[in-house]
Structure formats: structure tokens, C-alpha cells
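To start, the structure itself, in C-alpha cells.
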Amino acid sequence: MELQSWKIERIRSLTNEVKQLHPTLNELFLKLPGIKTVHNTHGSSEMGADFILIRDDPALLQERHIGVIVKADDIKQDHTDLKRQIDECGVERMIEGGKKSIFINEIWIITSQKITKNAQEKLHKDHKSSNVSFIDGENLANLIERFYPEYWDFQTAKLSSYITTQQNRLTALGQNYSLLPSSVGNVRVEQQIYSVPKETKTSFRIRTSEKTTSLQTEIKKRRAIFIQGGMGIGKSELLRSTALSLLSPEHVSSLKIAPLFMTYREAKEKRNSITDIISQAKSAIGDDSYSIALLIDGMDEVPDTNDEKVAFACEMSNSLLSDDKIKLVITSRNIDEVVHHDRLTKSFDVFAMAPLAFGSLVTFIRQICVGMDITDRLREDLHKSPLLKALPRTPLSAILLAKLLSEKIKDLPSTLPELYSKYTELVLGRWDINKGNGSEKEYETIYRLTANLATYMLDNDLDKIATAEVKRLFDDYLSQRNTGQNSNQLFDSFVNRREIIAHDRDNMTVQFRHRTFMEFFYSQNRFWLKGRDAPIESPFDPYWKAVEYFYLGLVKDAPERIKQLAATVPSDDVEIFIKTIEMGPFMLAAYQTPYASIEDALYLAFLEAGELYCKTVRGENNESPIANLPELQLLALMTQSLKNSYAYEFFQKALATAKLKLSLESSPDKETSFVAEFFIDSVLAQLGDKNAFVRLVDNHQSELNWAIRIGITCSAHDSDFTNDSLRRYDKKLRRSVSTNLALRQFIEDIEGTPIKDRNEKAKIGVSA
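Encoded structure:
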């Protein structure tokens with residue numbers, strides 16, 4: 174069947190090589206049979222080829238490397254630039270982050286326009302030794318018709334141009350931040366989110382029992398979405414992949430949601446012109462039936478206080494959503510302060526990133542490792558390793574671990590900081606040394622230069638840095654040392670460490686592929702400069718707490734530092750709460766610390782949590798933002814956060830010891846002691862300890878306030894936990910509530926009325 178002429182004309186309308194033709198070809202190449210990897214190499218270092226395609230040869234069981242030269246104009250006999258590019262395609266080149274050397278076996282010359290017969294004959298004659306194929310606009314249209322037919326569904330030239338521009342940016346960002354080895358192809362894991370419940374009684378659980386969902390599903394029916402997740406869980410990838418899906422032919426016409434991606438840093442810098450930017454996007458699309466979905470990534474990556482960030486996020490939501498054709502999605506690392514939960518839920522539907530299921534984590538690791546020679550011993554160690562149980566179930570952790578496995582490391586790491594340590598050593602040169610190809614001296618210098626660069630960038634709040642500035646930092650470092658090394662050679666070697674560093678040659682910038690790499694190297698630099706006794710500076714500040722976490726992971730055995738952190742006096746109630754939950758990850762990182770120090774610090778953390786709750790409920794903290802929450806909601810959010818931080822086997826013995834200590838010591842008042850024990854039992858229930866809640870309900874039930882009594886039932890239920898004591902207790906509690914109207918009204922009050930308001934009413938009642 175002859176191709177319709179409008180489709181050929183549609184291809185010939187692609188006259189901008191980089192902005193229009195490249196994204197179209199990128200999508201087409203991914204759909205061609207046999208093509209397993211596509212590298213977009215356009216730029217100053219392309220060496221002739223705009224793309225490198227890797228294709229499996231089923232006959233020879235080998236990889237073939239295809240160089241693609243792209244043009245958006247007619248190719249005639251006198252096309253001298255094309256001759257140069259074909260010659261350059263014969264040059265040896267590096268792929269996979271500089272680890273693999275290849276030669277191009279075949280060359281495709283593609284244009285959206287025409288190629289004259291004379292041009293083809295002359296190029297064949299001049300390059301007899303090269304395997305050259307020509308694809309003109311008509312042939313390209315036929316390939317699209319066969320392998321990428323959904324391409325024709327794009328309706329207007331303006332919309333197509335907008336889609337191409339956004340795809341181009343998102344693809345470039347994806348390449349800059351991707352950590353997957355190019356040899357594994359397009360391995361992806363479907364990332365899910367779940368709704369963070371607003372209803373208090375369902376907030377005691379670590380994870381909601383509701384089914385997980387996708388961002389694309391939710392963005393169709395919601396206006397403002399706020400997504401939280403821990404480091405490395407894939408928040409940025411979620412936004413990028415969702416945006417690309419919305420731009421795909423199968424969704425762009427049916428959903429009519431056009432994504433507009435920016436970082437939180439960009440949004441903050443352009444806060445006074447965001448409305449104009451959205452208006453420009455609408456004008457560029459040229460179709461009023463489309464909604465604009467503003468996707469803002471990385472709210473945690475600026476050093477503003479959480480108060481400032483949440484205020485700005487809510488301000489944007491309230492301002493932009495007056496236009497019913499605008500949607501807003503913001504991502505951030507977890508915001509620990511309970512006070513912000515209520516503020517966010519008034520302006521957003523709040524979601525959390527779902528961790529990968531254990532089976533999905535293992536499957537993802539195996540997918541990345543396909544074709545890699547991994548020993549049987551390491552496979553067995555992986556399943557038995559405590560790391561796999563303690564490891565955050567995130568795509569980033571899986572990628573780092575898979576890369577370590579592929580390098581035949583002798584032993585698996587035990588913690589996340591150890592995983593980063595082993596991984597960064599390997600990708601910065603250790604694996605070359607192990608194979609006899611690298612220099613110990615160069616590796617050592619590059620490692621230290623990387624740590625210096627991370628320190629400079631984090632101290633100055635930079636997410637990327639000019640190439641010239643990096644070279645200056647290298648020159649300064651080497652000028653003060655007699656290493657005999659060449660700064661330019663070291664820089665070239667440094668930017669080729671693409672597993673950690675992204676070098677944008679067009680814009681002449683350098684950045685870390687993931688913020689956690691910058692935080693890890695900052696900690697490494699602190700460890701080198703200060704040893705085990707680095708000053709404790711803002712350890713619970715959201716911008717710096719990951720640095721403290723990685724530093725403790727490098728020290729490992731840190732009894733004095735754990736003691737000092739536990740004794741740190743927070744500046745306000747919010748920081749007290751952050752401290753109580755962050756001590757958990759800190760102690761996990763320093764797992765070689767004598768366990769008595771862990772037990773002491775854990776006891777203090779839960780005691781502080783109990784004191785904070787009791788003082789707030791009694792009205793002693795009425796000016797605190799925490800007092801704006803209802804009593805049962807505060808209890809639920811504190812319980813949930815403590816479960817997240819301490820529900821690890823590593824802490825089980827310390828939790829039991831703290832519980833015993835509370836029952837024996839008389840220093841904390843009874844109320845505080847009971848609340849602290851409730852928090853401990855909630856974590857123990859999550860860990861399946863059969864004695865959780867037994868002492869409280871069997872010996873002290875009548876002494877417990879009603880929030881704690883309800884909390885026991887909710888917390889145990891949400892951990893799918895029960896025992897004989899709880900079964901008897903639940904029956905009695907249900908009977909009391911069902912027969913007592915005043916009690917039911919009181920429970921509604923502590924669930925729905927802010928603590929501050931209840932305390933004010935109580936004062937008025939007393940004075941009257």
C-alpha cells in the first residue's frame with residue numbers, strides 16, 4: 174500500500190535537526206527490531222555520528238555498532254561536511270562510561286529531505302571500505318509507518334513542536350542522571366505511589382493498606398499532588414517517565430495533559446514569572462483543550478527551611494489552581510515535621526513513594542545483571558545478606574548493588590553507606606586497578622578531587638558547576654601538592670567517570686548524577702579532614718542530615734558521637750521530633766558502635782518523644798506549631814514516624830531493654846513513661862514481638878489516657894499484630910465506646926479538634 178503523501182510531507186517539515194528530527198529518530202530507533210541500546214552522541218564529542226546504535230547479530234551472536242549521521246536538509250553531491258563525518262566514523266571510540274572501546278561496523282545516513290542519486294554514488298565511491306546505507310525522507314516515513322505508526326497521531330505542528338521540545342529536555346536530563354549501564358538496555362521498574370491518609374485512625378501505619386497506584390493515573394483526576402520519598406527512591410525518574418508517557422502518541426491526544434518540567438530551584442528563582450511561563454506553554458501548544466501539568470522536582474535540594482519550602486509550595490498550589498486547566502505535582506524527600514502534614518493536606522493530595530517489593534528488588538537486580546558473570550557464591554550471599562533486608566528498597570540501591578555484583582567484589586557491603594563506599598571506589602578507578610589497567614596514584618587523586626568538588630558545591634548550594642570552575646579547583650589542589658600530575662589529564666579522566674559525573678559539553682557544566690553522591694563525598698572529605706571527631710554541625714537539618722548519616726557510616730564505630738548526638742539540645746519542639754526519628758538511621762549507619770551506646774541513645778530518643786507528646790497535650794507547648802494538630806493525629810504521626818525509623822531487627826534488643834528500663838526507673842513521670850512505652854511497643858509490634866503492649870494493657874490499662882488506649886488498638890491493627898492480651902483488650906474497648914455517648918464525643922474531639930483549641934477551651938471553662 175502506497176504511503177499517504179501528507180505523511181511524507183510531515184517528515185519533510187522536520188527542518189530542525191536537533192530539536193525536531195533527533196527526538197523523532199530516538200523514538201523510532203527504540204522500536205526497530207534488534208536495536209537494544211540507543212546512544213545520542215550529538216555534540217562537540219560526537220566524532221561523526223549523531224547516534225550510536227547497538228544491535229544484536231543473531232547469526233554471529235555478536236554486537237554490531239551502527240553510526241547514524243543525521244541531516245535535516247537535502248544531501249547533494251557537494252556535501253563536504255558529510256564526507257568528514259563518514260571519515261570520523263572510522264575512529265575508535267569509548268562507550269559505557271569510558272569502559273568499552275568500539276569501532277563502528279555500519280553507517281546510516283538519514284535525512285528528512287532528499288538524497289540525490291549522484292550524492293549516493295559519489296559517497297559510495299569515496300568510502301568503498303565503509304558499509305553505508307541511505308535513508309531519505311520518504312524512506313524514513315515508511316520506517317515510521319511500519320515500526321512507529323502512532324507518530325502520525327500528533328495533531329498539530331505547534332503541539333508536535335512542544336512535544337519535541339519537552340521530550341528533548343527530558344531525554345537530556347535522563348541521560349545526565351541515569352545510572353544504568355548502557356549495556357543492559359532500557360531496563361525499567363514501574364514506580365508506584367500510595368495515598369497518605371488524612372483520616373487520623375489510619376495514620377498509625379507505616380504504609381497504607383490501600384492499593385498502590387501510578388502518578389499517571391492520579392494526575393488524570395487530581396489537581397495538586399505532593400509526593401514524598403526517601404533518598405534514591407526514584408522521585409526524579411518518576412516525574413520524567415510520567416512526563417514522557419504523557420507526551421507519547423498513545424496518551425497525548427486522549428488525556429490532553431501537557432507536562433511542563435522544572436526543578437524546585439528553577440521554580441523558586443522564577444517564582445514571579447511562573448504564571449507567564451505557563452501562559453507561554455499554552456501558547457506554544459495552541460490548543461485550549463489541553464491542561465498544563467507543572468511538574469516540580471527536588472524541593473529538598475535547596476537549603477531553605479521546611480517552613481519556607483512548604484509555604485512556597487502551598488502558595489503555588491493556591492495561586493495556580495484558580496485556573497482549572499493547570500495541574501501541579503511537587504516531589505521532595507520526606508518532610509519529617511508532623512506540623513507540615515496538616516498544611517500540605519489543605520493544599521495538596523499527599524502521596525508517598527512505595528518502596529519496591531522484595532521480589533521486585535531482586536528481579537530488578539537480576540535484570541540489570543543479565544549477561545554479567547556473577548558467581549554462584551555471590552548469588553547465595555545476596556539472598557542471605559543482612560544488607561538485602563536492611564537496604565532501602567529503592568531503584569538506586571538496586572542499581573548500585575547490581576553494579577558491584579558485576580565487578581565480582583569479594584564481599585557484599587553491610588549497610589547503605591558501605592554500599593556507596595564500595596561503589597564509588599570502583600567507578601572512580603578501583604576496578605581498573607584490579608584489572609591491571611589503572612594507576613593507584615590517579616585513582617587516589619581523582620577520589621580526593623571529587624570529594625573536594627562535592628564539598629565546594631554543597632557548601633555553595635550548587636546543583637551544577639561550570640567546567641572552568643572545576644578546572645580551577647583541580648589546578649588549586651595540584652598547585653599545593655607535588656604529585657607530578659597533569660591537571661588537564663586528570664580532568665579528562667574525571668569527566669569520563671560517567672557512573673557518578675555528568676559532563677554537559679555543550680553547556681560546559683559538570684554535575685553529580687545523584688544528589689546522594691555529592692552528600693557521600695562531602696562526608697568522605699569531612700572524614701579525611703577531621704577524622705572520627707568532626708564537629709557536629711546541624712545534624713538534624715533537612716539539608717545536612719544525609720551528610721551526618723554518611724559520615725557515621727564511614728566512622729562505623731562511633732560511641733562518643735552517638736552519645737553527643739543523643740545529648741544534643743534541639744532549638745524547638747519540631748527539631749526535638751526530627752531528632753527522635755533521625756537517631757534511628759544514624760545508629761544503623763554506625764552499626765559497629767558498642768551496643769550499650771545504641772541502647773542508651775535509643776532509650777533517650779523514645780523518652781524525648783514521650784515528653785514532647787505529653788507536654789504538647791498538657792498545653793505546655795501551646796505556641797508550638799505541633800499544637801495545631803489534634804491529639805490523636807499527633808500521636809498517629811509520631812507513631813508512624815518512629816516505626817519507620819526503628820522497625821529493624823538491629824534495634825529489637827535495644828527496644829526491649831528500653832522498655833524494661835522504663836518499668837524500673839522512677840525519673841520520668843508515669844504519663845511520659847506510658848507514652849514512651851506505647852511508642853516502643855508500636856515498633857515491637859511491627860517487628861512481631863509477641864509481648865508488645867502486654868504490660869500496658871494487662872497492668873496499666875486504667876491509668877492510660879484515651880488517646881493511648883485508642884492508639885494501642887490502631888497501631889497493633891495497622892501492623893497486623895495481635896496477642897491474647899490485645900484480643901481481650903479490644904473487646905473491652907469496643908464495648909466501652911459503643912455504650913458511652915460522652916466517650917464517643919470525646920474521641921471525636923481528640924481526633925478532630927487541634928490541641929491548642931482544646932486547651933484554650935479548657936482554660937475558659939476553668940475561669941468561668
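Quick note on numbering: the sequence shown equals residues 174 to 941 in my numbering.
Glycine residues also receive a C-beta, built at the ideal position from the N, C-alpha and C atoms.
With 16 other CB atoms within 10 Å as the buried threshold, where does residue i fall?
i	result
F276	exposed
H297	exposed
E200	buried
W281	buried
N698	buried
N479	buried
A889	buried
T188	exposed
V264	exposed
I709	exposed
E182	exposed
Q250	exposed
L233	exposed
L837	exposed
K752	buried
S382	At S382 the pLDDT is 49, less than 50, meaning the model places this residue with poor confidence and gives no usable figure here.
R882	buried
S875	exposed
T390	exposed
S462	exposed
Q684	buried
E481	exposed
K929	buried
Cα separation between residue i and residue j?
i	j	result
K736	I771	9 Å
E743	S711	Just to set this straight, residue 743 is Pro in the shown sequence, not Glu. C-alpha separation (whole angstroms): 10 Å.
S414	V643	31 Å
G726	E591	7 Å
A707	D636	25 Å
I619	D648	13 Å
E363	N341	22 Å
N291	V425	41 Å
F866	A849	12 Å
F824	S814	15 Å
L622	A675	15 Å
I920	K905	16 Å
I853	L828	6 Å
N680	K729	40 Å
R734	Q653	32 Å
P476	K718	11 Å
T504	D677	25 Å
D449	A486	18 Å
I499	D842	52 Å
L419	R705	49 Å
G544	E924	With a pLDDT of only 48 at G544, under the threshold of 50, the placement of this residue in the model should not be trusted; the figure read from the coordinates follows. Straight-line Cα distance between these residues: approximately 55 Å.
K429	S421	11 Å
D496	M760	47 Å
K301	I288	18 Å
Compute the beta-carbon to beta-carbon distance between residue i and residue j, rounded to the nearest angstrom, for a pair I have assumed lies under 8 Å.
i	j	result
M220	R266	6 Å
H464	S490	At residue 464 the sequence reads Ser, which differs from the His that was named. Between S490 and S464 the Cβ distance is about 15 Å, and since that is not below 8 Å, they are no contact.
V747	P798	7 Å
L313	S285	7 Å
H195	D223	7 Å
I458	Y596	Wrong, their Cβ atoms sit about 42 Å apart, outside the cutoff.
L589	R566	About 11 Å; that fails the 8 Å criterion.
L412	L468	5 Å
At a threshold of 7 Å, does residue i count as lining the ligand GTP (C-beta to nearest heavy atom)?
i	result
E784	Judged by which ligands are present, the structure shown has none, so any question about the ligand GTP falls away.
Practice item. Could you say if the region 908–921 and the region 887–898 meet the contact criterion of at least three C-beta pairs nearer than 8 Å? Key: With the cut-off at 8 Å, the region 908–921 and the region 887–898 do not touch.
Review point. How do the region 774–790 and the region 807–822 stand: do at least 3 beta-carbon pairs fall below 8 Å, yes or no?
Key: Touching, per the Cβ criterion.
Check your understanding: Would you call the region 429–447 and the region 395–402 touching, i.e. three or more CB-CB distances under 8 Å?
Key -> Result no; under three Cβ-Cβ pairs closer than 8 Å.
**Study point:** beta strand (DSSP E) runs wholly inside the region 364–428, at least 3 long, in chain order
**Key:** Counting only runs of 3 or more, we get 366–368 and 397–401.
**Study point:** Entirely enclosed alpha helix (DSSP H) segments - the region 428–486, minimum 4 residues
**Key:** At a cut-off of 4 residues, the continuous stretches assigned as alpha helix (DSSP H) that sit fully inside the region 428–486 are 437–442 and 447–458.
Exercise for review: Tell me the start and end of each unbroken beta strand (DSSP E) in the region 266–314 that is at least 3 residues and wholly inside, in chain order.
Suggested key: As far as the region 266–314 is concerned, its whole beta strand (DSSP E) runs of at least 3 residues are 266–268, 273–275, 279–284 and 305–308.
**Study point:** Runs of beta strand (DSSP E) wholly within the region 614–655 (minimum 3 residues, chain order)
**Key:** None, since the region 614–655 contains no complete beta strand (DSSP E) of that length.
Review point. Are at least three pairs of beta-carbons, each pair with one atom in the region 755–767 and one in the region 831–839, less than 8 Å apart?
Key: The region 755–767, when compared against the region 831–839, does not touch it at the 8 Å Cβ threshold.
**Study point:** Uninterrupted alpha helix (DSSP H) stretches inside the region 808–852 (no shorter than 4 residues)
**Key:** Listed in chain order, the alpha helix (DSSP H) runs fully inside the region 808–852 are 825–837, counting runs of at least 4 residues.
Exercise for review: Give, in chain order, every unbroken run of the beta strand (DSSP E) that is at least 3 residues long and sits entirely within the region 716–741.
Suggested key: Counting only runs of 3 or more, we get nothing.
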